[in-house]
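Participant: Supplied in structure tokens, the structure appears directly below.
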Amino acid sequence: GYWQGSHMVDDEALLKADVNRYYDVFGKETDYREMEELVTDFIMTLKSDFNYSSAEFLYLLGKYLSRKNVKSIAAVAAENNVPIFSPALLDSAYGETVLMAKNQGHNLVLDSVKEFNQFVTIGTKTKDVGVVYLGGGVPKDLTQLIAISVSPMTNDQGVPGRNGHLRKGLQEYYYPHKYAVQITTDAPQWGGLSGCTLEEAVSWGKINSESGKRAVCYCDATIALPLIAHALCERVREKRKGPDMSWLFKEVP
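Going by our numbering, 133 is the number at position 136 of the sequence shown; the sequence numbering is gapless.
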């Protein structure tokens, strides 16, 4: 569990008490370890002779958690065939669970090249793309790349059925996102991707400046996102059927 704490605290005392701090939120290290052991047990059920993308790994984890009645985003996503890509998956507790499984004789292979190919392929199967960015970092950059990495994937031949733009000097196609929303607390002048403006992305061909729409909200995502979601629930009366993404998991053992 988590507890409301304070950032004005003796962190040495927290360390001795096996309590981790997330700014003003506290979490017990013992709970963290239980989570790691749960994921390690899941990894032990996977095949060691199959290369998994992060989407495939998290899909199977969601199925595993669903069977155990563990409520989570991964479980709900798996139940609805919604892929979750995590390009920096090992930069987390998951990295430790991979090592814990290895100590038990299981060598898990996470294939980032396969993952990138799957992710960019989504850009070849859709007419228009809309994105919502909460912060930035690696996930944002990967999502931005869908707009331009389709070109090398198709050998600069373009995607049938999509209205691509052509860089005449390079003879390569790009497919800027038509709709974009960014919620961030970062500022652009520091050069990080979390603060990078959507206008800057126009210069890369990643955001459509002609027929698209974009908006930036400088706010904590835990404040802004619930307000936006609540407003949408009030205004949108019809629920559209989402795209079928089950093709991503057809080869998963």
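Here a beta-carbon is modelled for each residue, glycine too, at the ideal position from N, C-alpha and C.
Output needed for glycine 2: all residues of its chain with C-beta closer than 8 Å, excluding positions within five of it in sequence on either side, in chain order.
Facilitator: Cβ neighbours of glycine 2 beyond the five flanking positions: Arg18, Asp21, Val22, Phe23.
Participant: Could you name the residues of the same chain whose beta carbon sits closer than 7 Å to that of serine 243, not counting the 5 residues immediately before and after it, in chain order?
Facilitator: Excluding positions up to five away in sequence, the list reads Asn78.
Participant: Considering only the beta carbon of each residue, do phenylalanine 82 and serine 51 sit closer than 9 Å?
Facilitator: Going by C-beta atoms, phenylalanine 82 is nearer than 9 Å to serine 51.
Participant: Rounded to the nearest angstrom, how far is the Cβ of lysine 111 from that of asparagine 48, given a contact under 8 Å?
Facilitator: About 6 Å; that satisfies the 8 Å criterion.
Participant: Are the beta-carbon atoms belonging to lysine 137 and leucine 190 less than 9 Å from one another?
Facilitator: Yes, Cβ-Cβ distance for lysine 137 and leucine 190 is below 9 Å.
Participant: According to the neighbour-count rule (16 or more other Cβ atoms, all chains shown, within 10 Å of its Cβ), is cysteine 230 buried or exposed?
Facilitator: Exposed.
Participant: Please report whether the beta-carbon of histidine 103 lies at a distance below 9 Å from any beta-carbon of chain D.
Facilitator: Of the chains in the structure shown, none is chain D; there is only one protein chain.
Participant: By alpha-carbon positions, which one of Asn114, Gln115, Leu96 ends up nearest to valine 106?
Facilitator: Cα-wise, what sits closest to valine 106 is Leu96.
Participant: Measuring CA to CA, which of Ala177, Gly127, Ile143, His174 is closest to phenylalanine 116?
Facilitator: Out of Ala177, Gly127, Ile143, His174, Ile143 has the C-alpha closest to the C-alpha of phenylalanine 116.
Participant: Who are the Cβ neighbours of glutamine 141 in its own chain at under 7 Å, not counting the five residues just before and after it?
Facilitator: Cβ neighbours of glutamine 141 beyond the five flanking positions: Ala198, Lys203.
Participant: How far does the beta strand (DSSP E) with alanine 212 in it extend, from its first residue to its last?
Facilitator: Where alanine 212 is concerned, the enclosing beta strand (DSSP E) stretches over 210 to 215.
Participant: Please return the same chain residues whose Cβ sits closer than 6 Å to the Cβ of serine 146, not counting the five positions on each side in sequence.
Facilitator: Taken in chain order, the residues that qualify are Val117.
Participant: At the level of alpha carbons, what is the spacing between arginine 207 and proline 80?
Facilitator: In the sequence under discussion, the amino acid at residue 207 is glutamate, which differs from the arginine named in the question. Answer to the nearest angstrom: the Cα atoms are 30 Å apart.
Participant: Among Asp7, Asn100, Met150, Leu35, which has the Cα closest to the Cα of glutamate 169?
Facilitator: Of the listed residues, the one whose Cα sits closest to glutamate 169 is Met150.
Participant: Measure the C-alpha to C-alpha separation of threonine 37 and alanine 90 and round it to an integer number of angstroms.
Facilitator: Rounded to whole angstroms, threonine 37 to alanine 90 spans 10 Å at the Cα level.
Participant: Helix, strand or coil for leucine 43 per DSSP?
Facilitator: Residue state, collapsed to three classes: coil.
Participant: Give every residue of the same chain whose Cβ lies closer than 6 Å to the Cβ of leucine 131, excluding the five residues on either side of it in the sequence, and list them in chain order.
Facilitator: Within the same chain, leucine 131 has close Cβ partners Ile180, Ala218.
Participant: Mapping DSSP to helix, strand and coil, what is glycine 24?
Facilitator: Correct three-state label for glycine 24: strand.
Participant: Over what stretch of residues does the beta strand (DSSP E) that includes threonine 181 continue unbroken?
Facilitator: Counting along the chain, the beta strand (DSSP E) containing threonine 181 begins and ends at 176 to 181.
Participant: Identify which residue in Gly192, Val233, Arg234, Thr94 has its Cα closest to the Cα of cysteine 216.
Facilitator: The shortest C-alpha separation from cysteine 216 is found at Gly192.
Participant: Excluding the 5 residues flanking leucine 11 on each side, which residues of the same chain have their C-beta closer than 6 Å to its C-beta?
Facilitator: Around leucine 11: Arg18.
Participant: For the beta strand (DSSP E) containing arginine 64, list its first residue and its last residue.
Facilitator: Arginine 64 -> not in any beta strand (DSSP E); alpha helix (DSSP H) instead, spanning 51 to 64.
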